[in-house]
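Notes follow once the structure below has been shown.
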Amino acid sequence: RGGAREHSGGKMASTAAGKQRIPKVAKVKNKAPAEVQITAEQLLREAKERELELLPPPPQQKITDVEELNDYKLRKRKTFEDNIRKNRTVISNWIKYAQWEESLKEIQRARSIYERALDVDYRNVTLWLKYAEMEMKNRQVNHARNIWDRAITTLPRVNQFWYKYTYMEEMLGNVAGSRQVFERWMEWQPEEQAWHSYINFELRYKEVDRARSIYERYILFRASAVLVLVHPDVKNWIKYARFEEKHSYFAHARKVYERAVEFFGEEHMDEHLYVAFAKFEENQKEFERVRVIYKYALDRIPKQDAQNLFKNYTIFEKKFGDRRGIEDIIVSKRRFQYEEEVKANPHNYDAWFDYLRLVESDTDGETVREVYERAIANVPPIQEKRHWKRYIYLWINYALYEELEAKASKRTRQVYQACLELLPHKKFTFAKMWLLYAQFEIRQKNLPLARRALGTSIGKCPKNKLFKGYIELELQLREFDRCRKLYEKFLEFAPENCTSWIKFAELETILGDIDRARAIYELAISQPRLDMPEVLWKSYIDFEIEQEEYEKTRSLYRRLLQRTQHVKVWISLAQFELSAGQEERLPRCRQVYEEANKAMRSCEEKEERVMLLESWRSFEDEFGTDATKERIDKLMPEKIKKRRKLQAEDGSDAGWEEYYDYIFPEDTANQPNLKLLAMAKLWKKQQQESEAAAMDPDKDVDETQT
Numbered sequence: 001r002g003g004a005r006e007h008s009g010g011k012m013a014s015t016a017a018g019k020q021r022i023p024k025v026a027k028v029k030n031k032a033p034a035e036v037q038i039t040a041e042q043l044l045r046e047a048k049e050r051e052l053e054l055l056p057p058p059p060q061q062k063i064t065d066v067e068e069l070n071d072y073k074l075r076k077r078k079t080f081e082d083n084i085r086k087n088r089t090v091i092s093n094w095i096k097y098a099q100w101e102e103s104l105k106e107i108q109r110a111r112s113i114y115e116r117a118l119d120v121d122y123r124n125v126t127l128w129l130k131y132a133e134m135e136m137k138n139r140q141v142n143h144a145r146n147i148w149d150r151a152i153t154t155l156p157r158v159n160q161f162w163y164k165y166t167y168m169e170e171m172l173g174n175v176a177g178s179r180q181v182f183e184r185w186m187e188w189q190p191e192e193q194a195w196h197s198y199i200n201f202e203l204r205y206k207e208v209d210r211a212r213s214i215y216e217r218y219i220l221f222r223a224s225a226v227l228v229l230v231h232p233d234v235k236n237w238i239k240y241a242r243f244e245e246k247h248s249y250f251a252h253a254r255k256v257y258e259r260a261v262e263f264f265g266e267e268h269m270d271e272h273l274y275v276a277f278a279k280f281e282e283n284q285k286e287f288e289r290v291r292v293i294y295k296y297a298l299d300r301i302p303k304q305d306a307q308n309l310f311k312n313y314t315i316f317e318k319k320f321g322d323r324r325g326i327e328d329i330i331v332s333k334r335r336f337q338y339e340e341e342v343k344a345n346p347h348n349y350d351a352w353f354d355y356l357r358l359v360e361s362d363t364d365g366e367t368v369r370e371v372y373e374r375a376i377a378n379v380p381p382i383q384e385k386r387h388w389k390r391y392i393y394l395w396i397n398y399a400l401y402e403e404l405e406a407k408a409s410k411r412t413r414q415v416y417q418a419c420l421e422l423l424p425h426k427k428f429t430f431a432k433m434w435l436l437y438a439q440f441e442i443r444q445k446n447l448p449l450a451r452r453a454l455g456t457s458i459g460k461c462p463k464n465k466l467f468k469g470y471i472e473l474e475l476q477l478r479e480f481d482r483c484r485k486l487y488e489k490f491l492e493f494a495p496e497n498c499t500s501w502i503k504f505a506e507l508e509t510i511l512g513d514i515d516r517a518r519a520i521y522e523l524a525i526s527q528p529r530l531d532m533p534e535v536l537w538k539s540y541i542d543f544e545i546e547q548e549e550y551e552k553t554r555s556l557y558r559r560l561l562q563r564t565q566h567v568k569v570w571i572s573l574a575q576f577e578l579s580a581g582q583e584e585r586l587p588r589c590r591q592v593y594e595e596a597n598k599a600m601r602s603c604e605e606k607e608e609r610v611m612l613l614e615s616w617r618s619f620e621d622e623f624g625t626d627a628t629k630e631r632i633d634k635l636m637p638e639k640i641k642k643r644r645k646l647q648a649e650d651g652s653d654a655g656w657e658e659y660y661d662y663i664f665p666e667d668t669a670n671q672p673n674l675k676l677l678a679m680a681k682l683w684k685k686q687q688q689e690s691e692a693a694a695m696d697p698d699k700d701v702d703e704t705q706t
């Protein structure tokens with residue numbers, strides 16, 4: 001291939017003056033992929049396995065005399081210089097060159113190389129470090145000092161230079177020189193570790209006062225008469241205080257903590273500072289101080305940032321406190337949790353209830369009132385009753401607290417009145433609130449205010465519950481004339497309420513005014529719309545039976561049957577005739593059953609007719625003769641099982657279902673052709689079975705015995 005390229009290149013060069021020819025591309029006839037595919041990774045791995053690119057190591061050279069050594073040095077230096085000349089910025093070449101000269105003990109040459117390298121890149125940290133290490137290894141202390149001094153002057157923010165420099169001076173026993181280097185370093189306000197290194201250096205030589213002054217500068221650095229904050233973090237104050245505590249300067253340590261608390265103030269409080277302060281006082285057996293510190297911090301630090309504080313306070317109380325103290329811290333913790341919940345969602349009334357229950361159990365009255373005021377201030381934003389159902393109980397609990405716990409009747413009245421003013425009575429109201437207010441005024445023996453409140457409620461927002469509560473109040477006070485007036489207002493407001501009519505009539509009955517009670521019942525049943533008419537009619541009938549007005553009772557039953565032909569009405573009439581206690585009670589009862597049976601023949605609900613006949617048979621079994629019993633047995637229907645086709649909502653076939661039907665003998669007697677038609681259907685079915693090859697089982701067939 002190489003020869004072909006050279007031949008092609010020569011040919012093209014020889015014909016450069018003429019038109020250049022484009023080489024033809026070899027045409028590949030078979031473009032299908034090879035059966036075995038080889039990737040570039042496989043090629044490289046194969047080359048490495050076969051060691052195709054490895055060259056044999058050069059032969060070892062042994063130097064026997066000075067001339068060969070000088071020749072070797074010349075060639076080596078020429079190689080290094082050539083490498084440097086090719087790329088001066090590659091510092092590794094300079095370092096290798098200098099280290100090679102150092103290995104030959106050519107310190108002056110190595111120093112010259114390092115200086116030349118620094119001229120190229122004086123910001124290279126490794127270069128300075130190698131240069132200084134070379135001087136220190138060769139015990140050139142002054143040269144090393146000179147290099148470190150130049151390094152920290154040129155690159156003062158490289159902490160490694162300062163660490164190496166101070167360590168060298170300390171190892172040489174030059175404590176004053178090391179301290180002087182540290183002082184120069186501190187002027188640059190370095191990171192925290194540098195200050196701690198300086199402090200540890202002074203502590204190694206028992207210079208506690210110097211270490212304290214360094215801590216002071218570490219916390220607050222004074223430069224040019226201006227206070228500059230260097231490292232005002234809480235952990236640095238804590239380290240300073242622990243330093244004083246470690247060296248038994250307890251008064252100084254307490255003063256440091258107090259200064260830290262004053263320095264950070266209430267705007268930047270940190271729980272770690274107070275935990276450390278409290279533990280310090282705990283070690284000094286100052287338990288009251290510890291308790292004051294914890295409470296002071298818990299009252300001012302945000303709840304989400306005080307979890308560790310709570311934990312340590314709880315441990316302290318368990319160790320040194322009494323049962324009351326432990327309960328206080330638990331209550332405080334729960335109180336903070338509830339505070340967070342209500343702050344996150346002020347309309348979470350369940351959280352308010354839990355919070356108030358906790359506060360009421362162990363807090364003074366003013367605090368409880370404050371929490372209640374905060375709770376009721378969160379009025380539901382939407383004027384819909386379902387949003388107010390939980391909220392209203394805040395007011396109720398507030399009023400009950402003021403009345404029962406605080407014994408403040410005036411404040412209780414103010415709470416009730418404020419709540420009633422807040423409610424949007426035109427849209428909805430809460431009857432329980434009006435009734436509770438009225439009951440409170442009665443307990444205070446202030447009946448006019450109670451009546452005024454209930455009257456106002458009926459005037460603003462009449463409700464069944466309000467009328468019932470007001471009437472019950474007047475009944476307890478035996479004010480029957482007021483009860484009558486209230487019932488009249490109630491029935492004007494809700495004439496369809498059967499219970500109100502019944503209660504009104506019962507009141508008149510108790511008072512002995514039978515005519516008024518009967519008139520009330522008559523007015524009630526004449527109303528065009530009633531919510532429970534059957535209850536009203538039953539009450540009216542029971543009233544007449546109680547008064548032993550049997551004729552009027554029968555008249556009532558007949559009037560009711562004109563409105564409805566329900567089977568229960570007929571059975572009730574029959575039972576009334578049976579229990580009337582007259583001589584003709586059995587014929588009358590049997591006559592009622594006869595009438596009912598005739599009336600129920602046209603009823604579509606066969607179950608009701610069966611119910612009537614069952615009641616009639618029970619009557620005949622107890623009071624009838626053999627003839628009457630035989631007659632009622634003949635009237636009893638036959639129960640048969642049938643099948644009918646079901647349809648879904650969309651009209652599709654939904655299968656079949658079985659049901660029970662009743663066939664009454666009276667209906668069969670009135671239809672003599674019924675049996676003939678059944679036999680005709682059976683004959684037709686047999687004809688179809690004989691003609692058809694298959695039979696459809698889904699037929700409506702009566703499973704009866706003929």
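The sequence shown begins at 1 in the UniProt record's numbering and counts up one residue at a time. Ideal Cβ positions, reconstructed from N, Cα and C, are used throughout, including at glycine. All values reported here derive from a predicted model rather than from experimental measurement.
Where do the ends of the alpha helix (DSSP H) carrying residue i lie?
i, result
"residue 717", "The structure shown does not extend to residue 717, since the chain is modelled only from 1 through 706, so no value can be given for it."
"Met-433", "431–443"
"Phe-493", "480–493"
"Phe-428", "That residue, Phe-428, is in no alpha helix (DSSP H); it is neither H nor E in DSSP."
"Ala-505", "498–510"
"Trp-128", "125–137"
"Gly-455", "447–460"
What does the alpha-carbon distance come out to for the pair residue i and residue j?
i, j, result
"Lys-503", "Glu-649", "46 Å"
"Glu-216", "Leu-203", "15 Å"
"Tyr-660", "Pro-587", "34 Å"
"Tyr-218", "Met-168", "24 Å"
"Ala-297", "Asp-233", "18 Å"
"Pro-156", "Glu-191", "12 Å"
"Gln-686", "Lys-634", "33 Å"
"Ser-690", "Lys-684", "10 Å"
"Val-226", "Glu-286", "With a pLDDT of only 39 at Val-226, under the threshold of 50, the placement of this residue in the model should not be trusted; the figure read from the coordinates follows. Roughly 37 Å between the two C-alpha positions."
"Lys-311", "Arg-242", "22 Å"
"Trp-656", "Lys-642", "10 Å"
"Leu-560", "Leu-646", "38 Å"
"Ala-351", "Tyr-338", "6 Å"
"Tyr-122", "Ala-40", "44 Å"
"Ile-199", "Leu-55", "57 Å"
"Gln-688", "Arg-644", "21 Å"
"Glu-594", "Ile-632", "10 Å"
"Glu-266", "Ala-276", "17 Å"
"Lys-31", "Glu-51", "33 Å"
"Leu-92", "Glu-67", "The question names Leu, but residue 92 in the sequence shown is Ser. Cα to Cα, Ser-92 sits roughly 29 Å from Glu-67."
"Leu-356", "Arg-335", "9 Å"
"Lys-206", "Asn-283", "25 Å"
"Phe-619", "Glu-584", "15 Å"
Just to confirm, is the Cβ distance from residue i to residue j under 7 Å?
i, j, result
"Leu-486", "Ile-510", "no"
"Cys-498", "Leu-466", "no"
"Val-359", "Val-371", "yes"
"Ala-278", "Ile-293", "yes"
"Glu-102", "Met-136", "no"
"Glu-508", "Ala-494", "no"
"Ile-396", "Phe-430", "no"
"Arg-97", "Ile-107", "Correcting the residue identity first, residue 97 is Tyr in this sequence and not Arg. No, Cβ-Cβ distance for Tyr-97 and Ile-107 is not below 7 Å."
"Glu-187", "Ser-178", "no"
Any idea which residues DSSP pairs residue i with across the strands?
i, result
"Ile-640", "Asp-661"
"Gly-655", "Leu-646"
Would you identify the three-state DSSP class for residue i, choosing helix, strand or coil?
i, result
"Glu-51", "coil"
"Asn-200", "helix"
"Ser-690", "helix"
"Thr-79", "helix"
"Gln-591", "helix"
"Lys-606", "helix"
"Asn-397", "helix"
"Asp-119", "helix"
"Lys-105", "coil"
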